[in-house]
Structures are given as structure tokens and as C-alpha cells.
Amino acid sequence: MEHISTEFEKLVKKQKLTCDQTQVNIDKLINQINDAKQKIENDSSQSSTTLTILTSKLKTLSSQVIDNHKELHSSISKYSKSIDKKLKINLDTIWKPNVLLGKEDILNSILMSHFVREGQFELAEIFSKESNIPISDEMKNQFQDLFNIVEAIKKKDLKLALNWASEKRYLLKKNNSNLEFELHKLQYIQFLISGDTFSAIQYAKKNFSLFSETNFKDIKRLACSLLFIKHLENSPYSDLLAPSLWDDIEAQFKRDFCSIYGFSSESPLYTAVMVGASSIPPLIKVDTILKVKKNLDWSANSELPVEIPLLDSQRYHSVFSCPVSKEQVDCNGKDNYPTMLLCGHIISKESLLGLCKGNNIYKHKFKCPYCPTESIEAQARRVYF
Ligand SMILES: [Zn+2]
Numbered sequence: 001m002e003h004i005s006t007e008f009e010k011l012v013k014k015q016k017l018t019c020d021q022t023q024v025n026i027d028k029l030i031n032q033i034n035d036a037k038q039k040i041e042n043d044s045s046q047s048s049t050t051l052t053i054l055t056s057k058l059k060t061l062s063s064q065v066i067d068n069h070k071e072l073h074s075s076i077s078k079y080s081k082s083i084d085k086k087l088k089i090n091l092d093t094i095w096k097p098n099v100l101l102g103k104e105d106i107l108n109s110i111l112m113s114h115f116v117r118e119g120q121f122e123l124a125e126i127f128s129k130e131s132n133i134p135i136s137d138e139m140k141n142q143f144q145d146l147f148n149i150v151e152a153i154k155k156k157d158l159k160l161a162l163n164w165a166s167e168k169r170y171l172l173k174k175n176n177s178n179l180e181f182e183l184h185k186l187q188y189i190q191f192l193i194s195g196d197t198f199s200a201i202q203y204a205k206k207n208f209s210l211f212s213e214t215n216f217k218d219i220k221r222l223a224c225s226l227l228f229i230k231h232l233e234n235s236p237y238s239d240l241l242a243p244s245l246w247d248d249i250e251a252q253f254k255r256d257f258c259s260i261y262g263f264s265s266e267s268p269l270y271t272a273v274m275v276g277a278s279s280i281p282p283l284i285k286v287d288t289i290l291k292v293k294k295n296l297d298w299s300a301n302s303e304l305p306v307e308i309p310l311l312d313s314q315r316y317h318s319v320f321s322c323p324v325s326k327e328q329v330d331c332n333g334k335d336n337y338p339t340m341l342l343c344g345h346i347i348s349k350e351s352l353l354g355l356c357k358g359n360n361i362y363k364h365k366f367k368c369p370y371c372p373t374e375s376i377e378a379q380a381r382r383v384y385f
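Numbering-wise (the UniProt record's numbering), the sequence shown opens with residue 1 and increments by one.
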């Protein structure tokens with residue numbers, strides 16, 4: 001993509017230059033005509049000579065304008081050619097067209113739940129009828145609630161969100177979520193912004209006591225901010241005015257809402273498409289290298305030979321594969337589970353025992369299979385994903 005944008009930048013620069021030249025030439029044309037008009041008005045006897053000179057000048061200038069136009073046209077047509085050339089990717093080698101054969105119902109229900117998650121309820125209803133996949137009323141109602149609340153948050157109205165958070169207080173606490181406090185905090189900040197000290201104090205008294213143990217530090221800070229209520233923007237509490245607090249609370253609300261109802265925070269279809277799209281370039285590269293150098297076809301294996309660079313938000317750890325034994329390990333397993341070595345590398349408990357070979361867990365040193373760090377078995381820690 002970088003190549004394309006540099007090439008486009010060059011094209012845009014060239015076009016701007018051509019446009020500027022055309023503008024200059026057209027201005028010249030107008031000036032010549034005005035000059036000739038002025039001359040004829042001053043001395044009509046010279047009109048024939050003036051017009052002859054003008055015609056010849058206009059010819060030259062208009063041919064220059066035509067040239068400019070041609071140049072501009074050719075550079076615009078280069079855009080599409082350049083896109084075609086740069087994005088000419090043959091996906092045949094890295095996709096399996098039959099992978100979804102016979103799984104149309106799964107695909108349809110994924111699509112439908114995506115529509116519901118995006119708030120496209122009408123579309124989901126039509127899709128449900130046409131694909132014969134029943135729509136889950138429970139899920140629809142839950143997301144309808146979510147969208148109503150998010151809509152209110154966008155209008156800076158926190159009432160619905162606060163009601164929901166107080167109803168789900170127990171579950172939120174269980175998930176270690178501080179959503180309810182964050183919502184109250186934002187409501188309190190609104191009183192600060194409006195300069196209403198009395199209401200701010202009343203609100204804090206009424207609502208913050210519930211969080212005195214979990215958020216005492218935050219509450220102290222919010223209380224102190226009252227001292228600067230007249231000029232918050234120039235105080236150490238200016239961060240309380242950040243407009244991004246609204247975006248943050250919206251994102252947190254969506255996340256915690258989905259988590260309570262057992263949904264992933266992003267639509268699975270969205271994640272799959274994003275991960276799929278960002279995997280295309282490295283997969284094509286790997287495919288080319290493997291074919292040229294080793295005459296191997298990676299699609300013959302179920303495991304990718306390279307790591308695909310993904311965003312942190314796109315990484316999931318529901319499955320752990322031990323890099324030593326190459327086996328999938330149950331994260332909640334009794335005897336075999338993921339363990340982290342002193343260096344931070346994670347292998348399965350069984351592989352760790354294999355490395356220690358039954359030696360003294362406090363004395364026998366072994367080297368990590370992935371880095372030079374040496375450690376003893378007792379230093380390894382169980383990891384929960
Ligand atoms: Zn290591």
C-alpha cells in the first residue's frame with residue numbers, strides 16, 4: 001500500500017502542476033482579449049491589425065491549453081492502471097473455495113447475528129425469513145437495549161446506562177468491572193462542568209459511598225477537583241474535561257454489556273474479516289517463498305508456518321498449543337496445563353517435566369527451549385488464559 005500511496009502522491013503533484021499551468025494560460029487568454037478590446041475601443045482604425053495579432057496569439061495559447069488538458073487526462077487514466085497493476089493479487093493459491101461447502105447455515109447464522117449486533121434489526125428480520133434461520137428474540141432484545149443505551153450516551157444522557165449498571169451490579173462486580181463507578185464519575189463531572197457545586201456534592205454523597213472501598217483514590221481526586229470548579233481547564237484536573245471520556249465510557253459500556261450476556265466484544269464476523277484481510281499479504285509471501293525454495297505447499301498442513309502479525313485486540317487465547325510438543329493443552333487441565341518459565345516463555349507442564357527429567361525441582365537447572373535463559377522447575381508458574 002505504501003508504494004501505491006507514494007505513486008499517487010506523485011500523480012497528484014503532477015496534476016496540480018498541470019492545473020496551475022492551465023490556469024495561467026487561460027488568464028493570459030483573457031488578458032489578450034481584454035487588451036485587444038481596449039485597443040480597438042481606443043483606435044478603431046487599427047481594429048483589423050489588432051484582431052489578426054489577437055487571433056495568432058489565441059491560437060498559440062489555446063493549443064497550449066489543449067496540451068495541458070491532454071496531459072491531465074493521461075495522468076488521471078494512470079490512476080486506474082496503477083491500482084490494477086499494484087493490486088493484482090492472485091488469491092487462488094491461498095484460499096480454499098470449498099471450505100464453506102455444506103456449511104451455508106453456519107455462515108448465514110453468523111451473518112444474521114452480525115446484523116443484530118450492528119443494530120440492523122430490520123435487515124436481520126428479512127435475512128432470517130429468506131435464509132430460514134430463526135432469529136433469536138433474546139439476542140435481538142438484548143442488542144436493542146444496548147443500542148438504546150448507547151444512543152442515549154451519545155446524547156450525553158447517562159440515566160439508562162446507570163439504571164442498567166445498577167441492575168447488573170452483582171454481575172459487573174463478578175467481572176471486575178468498574179463501569180458503574182465510571183458512569184457516576186462522568187455524571188458528577190457534568191455538574192462540575194456546569195459549575196453547580198451544590199449538585200455535585202449532593203450527587204457525590206448519594207452515589208459515591210458505594211464505591212468508597214474500591215475507588216477511594218478516584219473519589220478523593222474528584223472531591224478535590226471541586227476546589228477548581230471555576231477554572232477546571234487550567235487546573236491539575238483538566239483531564240476530567242476530556243471529550244474522549246465519552247468515547248471511553250461508550251466503548252466500556254459495549255464491552256461490559258457483551259461480556260455479561262456472553263458475547264464477544266466485537267462481532268465475530270468483523271474480527272474474522274479483519275484478521276483474514278491482514279493475513280493475506282504474509283500468506284501470499286509465505287506461499288511464494290515455500291514454492292520457490294522448498295517446493296512445499298503449506299496448505300497441506302493444518303498449521304501456519306509463520307506468525308501472522310495481528311493487533312492485540314485480535315488475539316485470543318482460548319486454545320493453547322505447546323510450542324515444544326505441538327499439542328493442544330487444556331488451560332484448565334489437571335495434570336497438563338500451560339506454564340510460564342522464568343524468561344516469560346510458555347510451554348506445557350508435560351514438556352517442562354520432560355526438560356527437567358525428574359531431577360530436583362529446586363536445584364536442577366535447564367535451558368528454555370526458546371532463549372538462553374536457565375531456570376529451575378520450581379520457578380515455573382501456571383498460567384491461566
Ligand atoms: Zn525463554
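The beta-carbon is built from N, C-alpha and C at its ideal position, and this holds for glycine as well.
Own chain, CB closer than 6 Å to residue i, minus 5 neighbours either side, in chain order
i	result
E7	S82
K39	T50
L183	L158, A161, L162, A165
N14	Looking at the sequence provided, one finds Lys at residue 14 rather than Asn. Result list for K14: S75, in chain order.
S136	none
Q187	L158
S375	L341, L342
N207	H184
S235	F228
Beta-carbon contacts of residue i that lie in its chain and below 7 Å, excluding the five residues immediately before and after
i	result
E180	A165, S166, R169, L172
H345	C368, Y370, C371
F211	F181, I219
L107	L100
S351	C322, V324, S325
I110	P268, L269
Y237	S225, F228
D105	I133
Cβ neighbours of residue i in the same chain (closer than 8 Å, five flanking residues each side left out)
i	result
S259	N175, S177, S265
I308	V275, S278, S279, P282, L283
K16	none
Q46	K39, I40
H150	Checking the displayed sequence, the identity of residue 150 turns out to be Val instead of His. E250, F253, K254, listed in sequence order.
I201	L226
G195	I229, K230
Where residue i falls, given that 16 or more other Cβ within 10 Å makes a residue buried
i	result
L311	exposed
A378	exposed
A251	exposed
S313	exposed
P338	buried
D43	exposed
N359	exposed
V319	exposed
T18	buried
query: Using the beta carbon as the reference atom, which residues fall closer than 6 Å to any heavy atom of ligand 1, ordered along the chain?
result: Environment of ligand 1, chain-ordered: L341, C343, H345, C368, Y370, C371, T373, taking every residue with Cβ within less than 6 Å of a heavy atom.
message: Does the structure place the segment 88 to 100 close enough to the segment 16 to 34 that three or more beta carbon pairs sit under 8 Å?
response: no
- request: List in chain order: all unbroken alpha helix (DSSP H) runs of 4+ residues lying wholly within the segment 55 to 127.
  value: 104 to 117
task: Can you check the segment 267 to 354 for any alpha helix (DSSP H) of at least 4 residues that lies completely inside it and give the ranges in chain order?
output: 268 to 289
query: Pairing CB atoms from the segment 138 to 150 with CB atoms from the segment 111 to 128, are three or more of them under 8 Å?
result: yes
message: Please give me, in chain order, every unbroken run of the alpha helix (DSSP H) with length at least 4 that falls completely inside the segment 200 to 280.
response: For the segment 200 to 280, whole alpha helix (DSSP H) runs of length 4 or above, ordered along the chain, are 216 to 224, 244 to 260.
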